[in-house]
Each structure stands twice: as C-alpha cells, then as structure tokens.
Amino acid sequence: MPTFRQNVETTIPALRRYARALTRDADIADDLVQDTLVRALRSEHLFHGGDVRSWLYTILTNLNRNRLRSLARRPPLSPIEDNDAPDLAGPEAGGRDIERALATLVEDQRNALLLVVLEGLSYREVAEVQGVPIGTVMSRLARARVQIKTYLDGGRPALRRVK
Amino acid sequence: MIDRDSPVTEDELHAYIDGELPADRMQAVSAWLADHPDQAATVASWRAQAERIRARYGAVLEEAVPERLKLDQIIRSDRANGRSWKAFAAAAAVAAFLVGGASGWFAHGASVGTRTSSFAVASEALDAYKLYVVEVRHPVEVPGTERQHMTQWLSKRLGEDLRVPDLQSIGLKLVGGRLLPGPTGAAAFYMYEGASGERFTIYCAKASVPESALRYTSAERAAAFYWVDDKVAYVVSGPADREKLEKVTKAAYEQMEKSGAKKS
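Quick note, the sequences are listed as chains P and F, same order. Everything in the first sequence is counted per our numbering, starting at 3 for the first residue and increasing by one. Everything in the second sequence is counted per our numbering, starting at 30 for the first residue and increasing by one.
Here is the structure:
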C-alpha cells in the first residue's frame, strides 16, 4: 500500500495542472503548489486516513482563495483580466478563449468545474473539497457551464464570421 | 429500473456527461437525448467545453516537475518544523534558480497585482527599498539609536510582536526605521548600513497566509529574500549580490523567526 508521501508525490503533476488552470500563470501556479505541499507535509500528523488527493485539492483551493482575497484588497494597478481585443488567430489559438471564459466565472464555480472536468473528481469529492452539499456543487457546475457557453457563443461576435 | 418516460432533469444531464449517473439511467438519458435535439446540442456543448479545458491544460501533466516541488526537496527544506537556515536557504537556492528567468517581474507594475500575496508584499518592500535607499538626509523616521522605542512603536502599529535584528556581527549598523503603508495595512521598515555605505532593508507586514517557503527575487539592481512566518511576511532587500544578501537574510532570519523558536 502506498505511503502518505507516495500518495502526495504522485498527485503533484495533477496539482500543478489544477493550479495552472486556476491562476493562468505558471509561476504563481507552482508557488501555490509549493505552499500546498509545505502545508500538507507539516500537517501529515493531522491527516487521519481518507483520500490524500482530495485533501491536497482542498488545501490548494483554500490557499488560492486566500491569494485572491489578498489581491482583492489591493487597489488594482492595472486590469488583471485580459480585456484586450480578441485574438485574430481564432478560437483555437492556444486555448485563450476557454481561458478567458474560465476567468469570467465566479471563483467557486470555476473551482467546481475544473475539479470535475479537468481533475476528474467525483461530485462527492468536490463537495468535500468545497465543504458544501453535493446539490450546491451541481448548481455551481450548471451555472459555470451556462456562463461559459454564453461567453463562447456571444462574447466574441467577431469570431463567428471566421470563414 | 429503466424508465424511458420518466422526465430527465438538468441535473441528470450534467451527471450524464460527468459519469455520475447511475448505470440504470444512462440508457434512459441517451434515449431521451435522441428525441430532444436542442438538449442534445446543449449537452454536446458542455462536452466540448470540457474537451477544450482538458486540451488547454492537460499537457501540464507531461511537464517535468520542477526541483522545488519535489517532495525530497520540500521535506529537506522544512525538516521537523525547525526550518533551519541551511535547509531554508537550500529551498531558496532552488527558487532563485527558477525565478532567475523572471527577474523582470518587478519592472512592470502590471504583473504585480497578479502575484501571490507574499509576492505582493515583496514587491512593495522592494519599491520601498529603492525609494529610501538613496535617501541621504531622511532615510528613516526613527533613528537606530532609539531601537527600543522604534520596536515598540512599530509593533503597536502592526499589531504584531516585532523584533528588530541586530546585524552588527556581519558589519551592519541599524540606521533606523519607519512606518509604511503596505498591501495589508501598516508595514514596518528597518534600514541597515555597512561600512562602505551599502544599505539593506527589512520589511515586515501582516500576511494573509500563515507561512510560506523562502523565496528569492531580483529586479534591476535590487534583490530580495521573502517569506512568511507566523502570519508575518518578511522581506530582506539589498543590492543584487545574492551571496551577501543571503548572509544578511540568514542573520536576520535567525533573530526574527518566531514559530520555530516557540516550538523548539
């Protein structure tokens, strides 16, 4: 049976993926993962069984929430989100469209959607990570999907005319 | 029980594409979608979204895990809560190596708002360093000769029990300190000066996270080590001479560290 640390170790690539999608910045993402791992290892003695993976996602999700809150307290020096002109390269250009669509989501909805579709967590696991009932996870997921669809369909009229 | 006629809810449609639907409803929902092209199109669009998200970020899994995220490295640098300087510095060495390519961070304000909270503090601290280090007549508000008064005053304003390290052993004299507005409220700022006039500053502010790893960053001619310990962010800034800065950080760290001292 794999040890606690082996379980943590094998989850690192997935944590990096989740963090990258949450932050859209490779350096910030790895900072988040690093802090998550430091926290996890220090709290190893507090971990009494259960799913290590969900626990790590929980830590990372919470650290990211702290990060966003501390950003919100700072007066914006410049727009954080990309509100610039649409890419001319088209919808598949490096996945920028989906990146921006994700950025328009409310944090809890983005977390829920990414945990389900990118990280493959079950609804029950996401409910654990977010500390809410499964019904809440499902409504977050539903709202996230509607919002992304709206953004992709209507938010970028220029792209519809691509031949 | 398979019941083709029982109504399909929207929740079920989500569960259907997320593999959460009980096996006995899968077929029913498939069949229902075949008769409802509008809903089928919506479901297809959700699937497409998921595909695009996976296409965008899936490749991260194939990337080599950076050294600083390897467990051995993290354990070594964080051993037994003691966070001995040596291990701490080892983590920083790795971080510095990785960060090297991104030394332009501080150069453009645009990126500041998007960094992690400790980074935001580090950015403020480096700005303060650059601003006051060139100040000849009024670099500080309270002179170093009034160390005790300064410590009490700044501790009170920050609401934290601060320590002003004594760096005489490495040839740095306390010039004094001042209060600054920081990203999380008040920040304390101490300045030290060496025999040849080189200046180093220590910046302390409340942090939004309880602790963090030690990190290094540099910008133009200035550099900083920064970390969070016991909910206080510390930033040691100085000229971009990493070896010297590391020596100063080590001396300061050993005197300011709280969480390790309490536990040992």
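For each residue, glycine too, the CB sits at the ideal point set by N, CA and C. For clarity, every value in this text was computed on a predicted model and none was experimentally measured.
Classify alanine 84/F as helix, strand or coil using the three-state DSSP reduction. Alanine 84/F carries a helical assignment under DSSP once its states are collapsed to helix, strand and coil.
Relative to chain A, which residues along the stretch 138-152 of chain P have a C-beta separation below 7 angstroms, given in chain order? Of the protein chains in the structure, P and F, none is chain A.
My output table needs one value for proline 13/F: the three-state DSSP class, helix, strand or coil. Look at the range of chain F in this structure, 30 to 293, and you will see that residue 13/F is not part of it.
Contact with chain P by threonine 278/F, beta-carbon distance below 8 angstroms: Interface residue (Cβ-Cβ distance to chain P less than 8 angstroms): threonine 278/F is not classified as such.
In chain order, what residues of the same chain lie with their CB nearer than 7 angstroms to the CB of threonine 5/P, ignoring the 5 residues before and after it? Closer than 7 angstroms at Cβ, skipping near neighbours: no residue.
Would you say proline 282/F and methionine 220/F are within 8 angstroms of each other, going by their C-beta atoms? It should be noted that the sequence gives tyrosine, not proline, for residue 282/F. No; because the gap between Cβ atoms is not below 8 angstroms, this pair is not in contact.
For alanine 173/P, the first and last residue of its enclosing alpha helix (DSSP H): Because chain P here runs from 3 to 165, residue 173/P falls outside it and cannot be looked at.
Any chance the stretch 176-185 of chain F sits against the stretch 250-266 of chain F, with 3 or more Cβ pairs inside 8 angstroms? Under the Cβ criterion (8 angstroms, minimum of three pairs), the stretch 176-185 of chain F does not count as touching the stretch 250-266 of chain F.
Measure from the C-beta of aspartate 86/P to each C-beta in chain F and report whether the shortest distance is under 8 angstroms. Only weak support is given to the placement of aspartate 86/P: the predicted model assigns it a pLDDT of 42, under 50, and the value that follows is read from those uncertain coordinates. Closer than 8 angstroms: no.
In whole angstroms, give me the CA-to-CA distance for alanine 21/P and alanine 224/F. Looking at the two C-alpha atoms, the distance is approximately 45 angstroms.
To the nearest angstrom, how far is the alpha carbon of leucine 58/P from that of glutamine 197/F? A straight line joining the alpha-carbon of leucine 58/P with that of glutamine 197/F spans about 43 angstroms.
By Cβ distance below 7 angstroms, which residues in the same chain neighbour alanine 151/F in space, the five residues on each side in sequence not counted? Counting only Cβ-Cβ distances below 7 angstroms, and skipping sequence neighbours, we find Thr246, Ala253, Tyr255, Val264.
Do three or more CB pairs link the stretch 154-169 of chain F to the stretch 183-193 of chain F at distances below 8 angstroms? Contact between the stretch 154-169 of chain F and the stretch 183-193 of chain F is absent, because fewer than three Cβ pairs lie under 8 angstroms.
Check whether the stretch 134-142 of chain P touches the stretch 57-75 of chain F, counting contact only when three or more Cβ pairs, one atom from each stretch, lie closer than 8 angstroms. Flag = no, the stretch 134-142 of chain P and the stretch 57-75 of chain F do not touch.
Where does glutamate 222/F sit, in a helix, a strand or coil, going by DSSP? In the structure shown, glutamate 222/F adopts extended strand secondary structure according to DSSP, grouped into three states.
Of all the options Leu65/P, Asp53/P, Leu107/P, which has the alpha carbon lying nearest to the alpha carbon of serine 9/P? According to the sequence provided, residue 9/P is asparagine. The question's serine does not apply to it. Between asparagine 9/P and the set Leu65/P, Asp53/P, Leu107/P, the nearest pair of CA atoms involves Asp53/P.
Checking contacts by CB at 8 angstroms: is serine 72/P closer than that to chain F? The C-beta of serine 72/P comes closer than 8 angstroms to at least one C-beta of chain F.
Just the chain P side, please: which residues come within less than 7 angstroms of alanine 263/F by C-beta, in chain order? Just to set this straight, residue 263/F is tyrosine in the shown sequence, not alanine. None at all; the shortest Cβ gap to chain P is about 16 angstroms.
Could you say which of Asp37/P, Arg145/P, Thr25/P lies nearest to proline 239/F if we only look at CA atoms? For proline 239/F, the nearest C-alpha among the options comes from Asp37/P.
What residues in its chain sit with their C-beta under 7 angstroms from that of methionine 140/P, if we drop five residues either side in the sequence? Cβ within range, chain order: Tyr125.
Give me the subset of the stretch 97-112 of chain P whose CB atoms are less than 9 angstroms from a CB atom of chain F, sorted by chain position. If the cut-off is 9 angstroms between Cβ atoms, the stretch 97-112 of chain P has Gly97, Arg98, Asp99, Ile100, Glu101, Ala103, Leu104 near chain F.
Output the boundary residues of the alpha helix (DSSP H) element that contains isoleucine 231/F. Not the alpha helix (DSSP H): isoleucine 231/F falls in the beta strand (DSSP E), residues 228-235.
Short CB-CB distance (under 8 angstroms) between histidine 43/F and chain P: The Cβ of histidine 43/F sits closer than 8 angstroms to at least one Cβ of chain P.
Can you name the residues of chain P whose CB is closer than 9 angstroms to the CB of arginine 97/F? For arginine 97/F, the chain P residues whose Cβ falls inside 9 angstroms of its Cβ are Asp32, Gln36, in order along the chain.
Sub-8 angstroms separation of alanine 217/F and leucine 208/F beta-carbons: A contact, by the Cβ cut-off of 8 angstroms.
Chain-ordered neighbours of proline 15/P on chain F, where CB pairs are closer than 9 angstroms: Taking a Cβ-Cβ threshold of 9 angstroms, the residues of chain F close to proline 15/P are Val89, Leu90, Glu91, Glu92, Val94, in chain order.
Three-way DSSP call (helix, strand, coil) for lysine 202/F in this model: If DSSP states are grouped into helix, strand and coil, lysine 202/F belongs with the strands.
List, in order along the chain, the chain F residues whose C-beta lies closer than 7 angstroms to that of leucine 120/P? Those within 7 angstroms of leucine 120/P in chain F are Ile82, Arg83, Tyr86.
Taking the C-alpha atoms as reference points, what is the distance between isoleucine 82/F and valine 119/P? Going by the C-alpha atoms only, they are around 8 angstroms apart.
With distances taken between CB atoms, is the gap from arginine 26/P to alanine 105/P smaller than 8 angstroms? Yes, Cβ-Cβ distance for arginine 26/P and alanine 105/P is below 8 angstroms.
CB contact flag (leucine 62/P, leucine 116/P, <8 angstroms): It is not a contact, given that the beta carbons lie outside the stated cut-off.
Considering Cα atoms alone, identify which of Arg105/F, Leu90/F, Glu249/F is closest to arginine 271/F. Ranked by Cα distance from arginine 271/F, the first of Arg105/F, Leu90/F, Glu249/F is Glu249/F.
By how many angstroms is the C-alpha of histidine 47/P removed from the C-alpha of alanine 173/P? Beyond the ends of chain P as shown, which are 3 and 165, falls residue 173/P; an answer cannot be given.
Taking 8 angstroms as the CB-CB cut-off, is leucine 62/P touching chain F? No, leucine 62/P lies away from the interface with chain F (no Cβ there is under 8 angstroms from its Cβ).
Nonlocal neighbours in the same chain, by C-beta distance under 7 angstroms from serine 184/F, ignoring five residues either side: Taken in chain order, the residues that qualify are Asp190, Leu191.
CB contact flag (valine 277/F, alanine 236/F, <8 angstroms): Cβ distance not < 8 angstroms, so valine 277/F and alanine 236/F don't count as in contact.
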